[in-house]
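So the protein sequences, as listed, match chains A and B.
Its first residue numbered 1, the first sequence is counted upward by one per residue in the working numbering.
Its first residue numbered 113, the second sequence is counted upward by one per residue in the working numbering.
Just so you know, even glycine gets a beta-carbon here, dropped at the ideal spot from N, CA and C.
I have placed the structure first, in the form of structure tokens, so that the comments after it can refer back to it.
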Amino acid sequence: DQQVKQNSPSLSVQEGRISILNCDYTNSMFDYFLWYKKYPAEGPTFLISISSIKDKNEDGRFTVFLNKSAKHLSLHIVPSQPGDSAVYFCAASEGSQGNLIFGKGTKLSVKP
Amino acid sequence: DVKVTQSSRYLVKRTGEKVFLECVQDMDHENMFWYRQDPGLGLRLIYFSYDVKMKEKGDIPEGYSVSREKKERFSLILESASTNQTSMYLCASSSIVQGLEPQHFGDGTRLSIL
Chain A
1 DQQVKQNSPS
11 LSVQEGRISI
21 LNCDYTNSMF
31 DYFLWYKKYP
41 AEGPTFLISI
51 SSIKDKNEDG
61 RFTVFLNKSA
71 KHLSLHIVPS
81 QPGDSAVYFC
91 AASEGSQGNL
101 IFGKGTKLSV
111 KP
Chain B
113 DVKVTQSSRY
123 LVKRTGEKVF
133 LECVQDMDHE
143 NMFWYRQDPG
153 LGLRLIYFSY
163 DVKMKEKGDI
173 PEGYSVSREK
183 KERFSLILES
193 ASTNQTSMYL
203 CASSSIVQGL
213 EPQHFGDGTR
223 LSIL
């Protein structure tokens with residue numbers, strides 16, 4: 001049973017517009033959420049995180065929103081750039097030291 | 113900057129061979145992890161270790177073992193390689209300090225079993 005779901009395998013966005021990547025989870029014990037970005041032939045790199053005591057965390061062009069009641073989080077990238085084209089993984093854990101459970105990823109393509 | 117180094121970027125082995133994948137981190141992290149990444153399946157945890165000599169099974173440990181003799185090094189062993197173990201293998205490390213410390217990943221080893 002998938003505990004972390006990214007239901008969109010791919011997303012295409014025009015450069016300069018907003019990219020919204022979505023993630024749903026089923027385990028109500030998850031209280032720490034992260035987004036990773038992965039380019040081909042490279043390992044995932046940490047992008048941004050949020051704990052369950054917050055509903056929003058912002059870092060430059062990247063903002064993560066958490067809706068605990070809906071068990072849903074989203075990553076907003078504004079404005080999108082061609083260099084943002086990558087696979088984005090959502091991950092969750094119980095506590096900041098718990099094992100991460102990853103979603104299957106969403107491939108973002110930002111077109112010039 | 114944290115550096116997680118995996119010994120090989122690409123590896124080709126034959127069915128039945130014993131395969132060793134090596135991972136070294138330079139940040140004195142206590143935690144180390146091995147994942148595999150397959151298309152449409154995301155990252156799945158194989159084994160992890162919270163300390164030297166300690167190991168814990170992840171979600172898909174069958175067919176694998178690990179070794180952690182030194183804090184900085186975590187090895188993944190395929191006891192008898194099979195074609196369904198063809199995959200991208202990713203090593204990660206993290207610290208146990210309090211706070212939102214993320215896992216840091218190596219660049220991966222793409223392993224092909226023929």
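### Query
Taking residue 107 of chain A as the reference, which of A:2, A:3, A:12 and A:80 has the closest Cα?
Counted from its first residue, the first sequence places residue 107 of chain A at position 107. Cα-wise, what sits closest to residue 107 of chain A is A:12.
#### Entry: Any C-beta of chain A under 9 Å from that of residue 176 of chain B
For the purposes of this step, residue 176 of chain B is taken as residue 64 along the second sequence, with counting starting at 1. For residue 176 of chain B, the answer is no, since every Cβ of chain A falls outside 9 Å of its Cβ.
#### Entry: Among A:100, A:110, A:112 and A:111, nearest to residue 35 of chain A - alpha-carbon criterion
Residue 35 of chain A sits at position 35 when you count from the first residue of the first sequence. Among A:100, A:110, A:112 and A:111, the Cα nearest to that of residue 35 of chain A is on A:100.
### Alpha-carbon to alpha-carbon, residue 111 of chain A and residue 167 of chain B
Start at 1 with the first residue of the second sequence, and residue 167 of chain B comes out as number 55. Start at 1 with the first residue of the first sequence, and residue 111 of chain A comes out as number 111. Distance between the alpha carbons of residue 167 of chain B and residue 111 of chain A is about 44 Å.
### Query
Taking Cβ to Cβ, would you say residue 41 of chain A is nearer than 9 Å to residue 220 of chain B?
By one-based count along the first sequence, residue 41 of chain A stands at place 41. By one-based count along the second sequence, residue 220 of chain B stands at place 108. In contact: residue 41 of chain A and residue 220 of chain B (Cβ atoms closer than 9 Å).
### Query
Does the stretch 86-94 of chain A come close enough to the stretch 159-179 of chain B to have 3 or more Cβ pairs within less than 8 Å?
No: fewer than three Cβ pairs fall under 8 Å.
### Query
Among B:196, B:163 and B:152, which residue has its Cα nearest to the Cα of residue 225 of chain B?
Against the second sequence, residue 225 of chain B aligns to sequence position 113. Restricting attention to B:196, B:163 and B:152, the CA atom closest to the CA of residue 225 of chain B is found in B:196.
### Query
So, are the CB atoms of residue 46 of chain A and residue 151 of chain B less than 9 Å apart?
Here residue 46 of chain A refers to the residue found at position 46 of the first sequence. Here residue 151 of chain B refers to the residue found at position 39 of the second sequence. Not closer than 9 Å, so no.
### Query
Considering residue 154 of chain B, what are the terminal residues of the beta strand (DSSP E) in which it resides?
Position 42 of the second sequence, counted from the first residue, corresponds to residue 154 of chain B. Element bounds for residue 154 of chain B: 154-161.
### Query
When DSSP labels each residue in this structure, what does residue 6 of chain A get in the three-state scheme?
Locating residue 6 of chain A in the first sequence gives position 6, counting from the first residue. Of the three classes helix, strand and coil, the one that applies to residue 6 of chain A here is coil, per DSSP.
### Query
Name the chain B residues whose beta carbon is nearer than 7 Å to that of residue 105 of chain A?
Locating residue 105 of chain A in the first sequence gives position 105, counting from the first residue. By Cβ distance, chain B contributes 154.
### Query
Based on Cα-Cα distance, which residue from A:27, A:31, A:39 and A:22 lies nearest to residue 82 of chain A?
One-based indexing of the first sequence puts residue 82 of chain A at position 82. It is A:39 whose Cα lies nearest to the Cα of residue 82 of chain A.
### Query
Just checking my contact of residue 202 of chain B with residue 122 of chain B at CB under 8 Å: how many whole Å lie between their CB atoms?
Locating residue 202 of chain B in the second sequence gives position 90, counting from the first residue. Locating residue 122 of chain B in the second sequence gives position 10, counting from the first residue. Separation of the CB atoms of residue 202 of chain B and residue 122 of chain B is rounded to 14 Å, and the pair is thereby denied contact status at 8 Å.
#### Entry: Cβ shell of residue 192 of chain B (< 6 Å), same chain only, five flanking positions each side left out
Here residue 192 of chain B is taken as the residue at index 80 of the second sequence, counted from 1. Excluding positions up to five away in sequence, the list reads 128.
### residue 51 of chain A to residue 32 of chain A span [Cα, whole Å]
Here residue 51 of chain A corresponds to residue number 51 of the first sequence, with the count starting at 1. Here residue 32 of chain A corresponds to residue number 32 of the first sequence, with the count starting at 1. If I take the Cα positions, the gap works out to 5 Å.
### Task
Give the C-beta separation of residue 178 of chain B and residue 162 of chain B to the nearest angstrom, bearing in mind that I take them to be a contact with Cβ-Cβ under 8 Å.
Counted from its first residue, the second sequence places residue 178 of chain B at position 66. Counted from its first residue, the second sequence places residue 162 of chain B at position 50. About 12 Å; that fails the 8 Å criterion.
### Task
Would you kindly work out how many angstroms separate the C-alpha atoms of residue 78 of chain A and residue 55 of chain A, rounded to a whole number?
Taking the first residue of the first sequence as position 1, residue 78 of chain A is located at position 78. Taking the first residue of the first sequence as position 1, residue 55 of chain A is located at position 55. In a straight line, the C-alpha of residue 78 of chain A is about 18 Å away from that of residue 55 of chain A.
### Task
Grab the span of the beta strand (DSSP E) containing residue 86 of chain A for me, first residue to last.
As a first step, residue 86 of chain A is located in the first sequence; it is residue number 86 there, counting from the start. Where residue 86 of chain A is concerned, the enclosing beta strand (DSSP E) stretches over 86-93.
### Query
Rounded to a whole number of angstroms, what is the C-alpha to C-alpha distance between residue 183 of chain B and residue 133 of chain B?
To locate residue 183 of chain B, count along the second sequence from 1; it is residue 71. To locate residue 133 of chain B, count along the second sequence from 1; it is residue 21. About 16 Å.
### Message
Using the Cβ count rule (16 or more neighbours within 10 Å means buried), how would you classify residue 165 of chain B?
### Response
The count along the second sequence starts at 1 and reaches residue 165 of chain B at position 53. Here residue 165 of chain B is exposed: its Cβ has fewer than 16 other Cβ atoms, across all protein chains shown, within 10 Å.
### Query
Nearest chain A C-beta to residue 220 of chain B closer than 9 Å, yes or no?
Taking the second sequence and counting its residues from 1, the one referred to as residue 220 of chain B is at position 108. Output row for residue 220 of chain B: interface = yes.
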